[in-house]
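Asks: One structure, pasted below without further comment.
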Ligand code: GDP
Ligand code: IMO
Ligand code: MG
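Residue numbers (our numbering): 13 to 440.
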């Protein structure tokens with residue numbers, strides 16, 4: 013009964029979309045369980061590139077059921093935009109389902125995300141969110157005032173809940189931030205059309221996911237964001253507002269932990285981060301620029317240049333632990349080509365002189381910390397056509413074997429290019 017989680021083990025954008033797409037070829041159901049359209053998952057098939065934000069990355073397979081689970085926050089306009097985009101490319105979305113419990117991202121959430129970030133920026137404390145309204149929507153969910161999909165698509169309730177919530181939110185927009193109020197009539201007119209279109213997709217998906225699990229079908233849990241962006245386990249407050257760690261899959265898809273048999277963590281062979289917050293191995297020099305360019309490290313959602321740095325095994329070991337990883341993938345090895353030396357951070361020397369190998373709970377402890385590196389020889393060969401471990405240059409093999417030793421988790425696959433087939437399995 014394989015229930016496989018595929019999640020981000022760093023700060024997001026590790027290549028989750030690519031691996032979900034690969035495993036979805038054999039899967040019966042793919043479920044997203046957290047986040048929203050702050051995610052940007054890329055799937056490359058031949059000459060076509062698909063950028064998915066809310067729709068699970070199994071959508072390209074006609075037999076696979078794709079579920080937006082209860083823990084996801086859904087922007088109705090955005091999900092319809094994605095559906096239309098896929099239809100234009102000839103991809104069917106007949107097997108897409110949205111859980112009735114999903115909270116809706118509505119215009120006031122996006123407005124409040126921007127207002128709150130602008131306010132924080134004045135104190136030099138902006139998070140650098142994607143401005144998609146993610147935090148404010150999860151706040152409403154916790155405050156128990158959010159609008160769930162079942163209310164949104166309910167013809168009898170739609171207008172009332174929009175009008176009441178808009179009035180409540182305008183009090184905050186105007187009163188707290190001095191912002192411009194949102195016109196409820198305009199929202200009702202525009203979003204009623206979206207509600208009509210989404211109604212046929214809305215279900216209790218937890219029953220469908222459970223039936224698949226019970227029948228021993230192949231179920232994939234698609235992570236979004238990454239471990240270090242987790243609301244509890246990440247570099248708080250520079251995190252997202254949901255739970256990208258493996259445990260979040262159960263809560264956000266509505267099945268228990270016994271449904272999960274395997275937890276695959278996706279790492280890049282280096283580290284990236286978008287937005288603000290600590291990043292001990294960040295490179296501010298030419299090497300950082302080199303990796304950014306070679307890896308095409310520009311945000312899928314916002315287009316922002318991603319911050320780049322060496323592989324950080326302190327956070328990697330932390331990700332192995334807090335997710336209970338059963339296997340690791342080292343993706344995007346090809347962008348390191350041409351660098352004479354490769355570095356891996358194995359510990360931090362803190363400002364007080366102490367050396368630590370555990371990721372600190374308080375990110376402030378990282379201020380002024382110095383990464384301690386192990387160094388490896390680089391490689392010059394083009395590895396993008398390699399499909400087996402033995403074809404890789406000896407220095408790459410050594411780098412991978414060393415990472416496996418350092419992170420203390422079996423490495424099961426490698427990625428050497430963006431396409432579906434640019435991967436290899438490490439059968440040993
Ligand atoms: P996700 O959010 O984890 O799904 O990752 P993103 O799609 O945001 O970012 C990964 C980027 O790297 C995308 O542009 C992918 O097409 C690309 N990519 C994925 N795997 C590889 C790889 O092995 N090598 C290279 N060069 N690019 C890759
Ligand atoms: P995928 O699934 C990388 C980051 C934002 C910001 C912080 C909070 O493609 O890996 P939010 O809008 O969620 O409130 O922003 O989280 N962030 C991501 N970074 N990949 C993502 O998703 C991200 N989703 C959010 O940049 O720092
Ligand atoms: Mg991404």
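Cβ coordinates follow ideal geometry from the N, Cα and C atoms, glycine included.
Please tell me whether residue 279 and residue 22 are closer than 7 Å, where the distance is taken between their beta carbons.
Replies: Against the chain shown, residue 279 aligns to sequence position 267. Against the chain shown, residue 22 aligns to sequence position 10. It is a contact, given that the beta carbons lie within the stated cut-off.
Asks: Can you tell me whether residue 433 is buried or exposed, with buried defined as 16 or more other CB within 10 angstroms of its CB?
Replies: Locating residue 433 in the chain shown gives position 421, counting from the first residue. That one is exposed.
Asks: Tell me whether the beta-carbon of residue 275 lies closer than 7 Å to the beta-carbon of residue 338.
Replies: Numbered from 1 along the chain shown, position 263 holds the residue referred to as residue 275. Numbered from 1 along the chain shown, position 326 holds the residue referred to as residue 338. Closer than 7 Å, so yes.
Asks: Restricting to runs no shorter than 3 residues, where is the beta strand (DSSP E) found entirely within the region 309–358?
Replies: As far as the region 309–358 is concerned, its whole beta strand (DSSP E) runs of at least 3 residues are 319–321 and 339–343.
Asks: Would you kindly check if the distance between the Cβ of residue 327 and the Cβ of residue 371 is under 7 Å?
Replies: The residue you call residue 371 lines up with position 359 of the chain shown. The residue you call residue 327 lines up with position 315 of the chain shown. Yes, Cβ-Cβ distance for residue 371 and residue 327 is below 7 Å.
Asks: Using a C-beta cutoff of 7 Å, does residue 373 count as contacting chain D?
Replies: No chain D appears in the structure shown, which is made up of a single protein chain.
Asks: Only counting the same chain, and skipping five residues up and downstream in sequence, which positions put a Cβ closer than 7 Å to that of residue 362?
Replies: Counting from 1 along the chain shown, the entry for residue 362 is found at position 350. So the qualifying residues of the chain are 368, 377 and 381.
Asks: For residue 191 and residue 413, I'd like the C-alpha separation in whole angstroms.
Replies: As a working note, residue 191 is residue 179 in the chain shown. As a working note, residue 413 is residue 401 in the chain shown. Residue 191 and residue 413: Cα-Cα distance of roughly 55 Å.
Asks: Looking at the ligand IMO, does it come within less than 6 Å of residue 49, judged from the CB to the closest heavy atom?
Replies: By 1-based counting over the chain shown, the position of residue 49 is 37. No, the beta carbon of residue 49 sits no closer than 6 Å to any heavy atom of the ligand IMO.
Asks: Taking the beta strand (DSSP E) that residue 278 belongs to, which residues open and close that run?
Replies: Mapped onto the chain shown, residue 278 falls at position 266. Per DSSP, residue 278 belongs to the beta strand (DSSP E) from 274–280.
Asks: Using the Cβ count rule (16 or more neighbours within 10 Å means buried), how would you classify residue 265?
Replies: Stepping through the chain shown from its first residue, residue 265 is reached at position 253. Residue 265 is buried by the Cβ-count criterion.
Asks: For residue 181, I'd like the list of residues in its chain whose CB is within less than 6 Å of its CB, leaving aside the five on either flank, ordered along the chain.
Replies: Along the chain shown, one-based indexing puts residue 181 at 169. Cβ neighbours of residue 181 beyond the five flanking positions: 120.
Asks: Could you pull the start and end residues of the beta strand (DSSP E) that residue 436 belongs to?
Replies: On the chain shown, residue 436 is found 424 positions in, with the first residue counted as 1. Per DSSP, residue 436 belongs to the beta strand (DSSP E) from 435–437.
Asks: Residue 277: beta carbon under 6 Å from a heavy atom of the ligand IMO?
Replies: Mapped onto the chain shown, residue 277 falls at position 265. Checking every heavy atom of the ligand IMO against the Cβ of residue 277, none is found closer than 6 Å.
Asks: Output the boundary residues of the alpha helix (DSSP H) element that contains residue 20.
Replies: Your numbering for residue 20 matches position 8 in the chain shown. Run containing residue 20: none in the alpha helix (DSSP H); it sits in the beta strand (DSSP E), 15–20.
Asks: Quick one: give me the first and last residue of the alpha helix (DSSP H) that residue 304 is part of.
Replies: Position 292 of the chain shown, counted from the first residue, corresponds to residue 304. That run of the alpha helix (DSSP H) goes 298–306.
Asks: Between which two residues does the alpha helix (DSSP H) harbouring residue 225 extend?
Replies: As a first step, residue 225 is located in the chain shown; it is residue number 213 there, counting from the start. Taken as a continuous stretch (DSSP letters only), the alpha helix (DSSP H) holding residue 225 covers 217–226.
Asks: Applying the criterion that 16 or more other CB atoms from any shown protein chain within 10 Å of the CB defines a buried residue, is residue 133 buried or exposed?
Replies: Against the chain shown, residue 133 aligns to sequence position 121. Answer is exposed; the Cβ neighbour count stays below 16.
Asks: In the DSSP output, which residue or residues are listed as bridge partners for residue 383?
Replies: Here the question's residue 383 lines up with position 371 in the chain shown. Answer is 360.
Asks: Counting only the same chain and skipping the five closest in sequence on each side, list residues whose C-beta sits under 6 Å from that of residue 330.
Replies: Position 318 of the chain shown, counted from the first residue, corresponds to residue 330. Counting only Cβ-Cβ distances below 6 Å, and skipping sequence neighbours, we find 371.
Asks: Which residue or residues does DSSP assign as beta-bridge partners of residue 62?
Replies: As a first step, residue 62 must be located in the chain shown, where it is residue number 50. Per DSSP, 55.
Asks: Exposed or buried, residue 179, counting other C-beta atoms within 10 Å across all chains shown (16 or more means buried)?
Replies: For this step, residue 179 is matched to residue 167 along the chain shown. Counting Cβ neighbours within 10 Å, residue 179 comes out exposed, since fewer than 16 surround it.
Asks: So the candidates are 306, 343, 123 and 254; which of them puts its Cα closest to the Cα of residue 183?
Replies: Residue numbering aside, residue 183 sits at position 171 when the chain shown is read from its first letter. The candidate whose alpha carbon is nearest that of residue 183 is 123.
Asks: Going by DSSP, what residue range makes up the beta strand (DSSP E) through residue 426?
Replies: Position 414 of the chain shown, counting from 1, holds the residue named residue 426. Taken as a continuous stretch (DSSP letters only), the beta strand (DSSP E) holding residue 426 covers 423–427.
Asks: For residue 383, is the classification buried or exposed, using 16 other Cβ atoms within 10 angstroms of its Cβ as the cut-off for buried?
Replies: In the chain shown, the residue the question calls residue 383 occupies position 371. Classification for residue 383: buried.
Asks: Considering only the alpha carbon of each residue, which of 231, 172 and 153 lies closest to residue 465?
Replies: Within the shown structure, residues of the chain are numbered from 13 to 440, placing residue 465 beyond reach of any answer.
Asks: Assign residue 283 to one of three DSSP states: helix, strand, or coil.
Replies: Against the chain shown, residue 283 aligns to sequence position 271. Note: residue 283 maps to strand in three-state DSSP.
Asks: Hey, quick one: how far does the alpha helix (DSSP H) through residue 180 stretch, first residue to last?
Replies: Along the chain shown, read from residue 1 onward, the residue named residue 180 stands at position 168. 170–187 is the extent of the alpha helix (DSSP H) around residue 180.
Asks: Report the residue from 209, 102, 220 and 359 whose alpha carbon sits nearest the alpha carbon of residue 80.
Replies: Translated into positions along the chain shown, residue 80 becomes position 68. The candidate whose alpha carbon is nearest that of residue 80 is 220.
Asks: What are the boundary residues of the alpha helix (DSSP H) that residue 79 is part of?
Replies: Taking the chain shown and counting its residues from 1, one reaches residue 79 at position 67. Where residue 79 is concerned, there is no enclosing alpha helix (DSSP H), although the beta strand (DSSP E) it sits in stretches over 77–80.
Asks: For the ligand NAP, is there any heavy atom lying closer than 6 Å to the beta carbon of residue 312?
Replies: Among the ligands in the structure shown, the ligand NAP does not appear; only the ligand GDP, the ligand IMO and the ligand MG can be found there.
Asks: With a threshold of 8 Å, are at least 3 pairs of Cβ atoms found where one atom belongs to the region 248–261 and the other to the region 282–293?
Replies: Touching, yes.
Asks: Have a look at residue 199 and residue 167 and give me their C-alpha separation to the nearest angstrom.
Replies: As a first step, residue 199 is located in the chain shown; it is residue number 187 there, counting from the start. As a first step, residue 167 is located in the chain shown; it is residue number 155 there, counting from the start. Computed Cα separation, rounded: 15 Å.
Asks: How would you call residue 233, buried or exposed, if buried means at least 16 neighbouring beta carbons within 10 angstroms?
Replies: Stepping through the chain shown from its first residue, residue 233 is reached at position 221. Buried: at least 16 other Cβ atoms inside 10 Å.
Asks: Which whole-angstrom value describes the C-beta separation of residue 344 and residue 281, a residue pair presumed to lie in contact below a C-beta threshold of 8 Å?
Replies: To locate residue 344, count along the chain shown from 1; it is residue 332. To locate residue 281, count along the chain shown from 1; it is residue 269. The pair is a contact, with the Cβ atoms about 6 Å apart (cut-off 8 Å).
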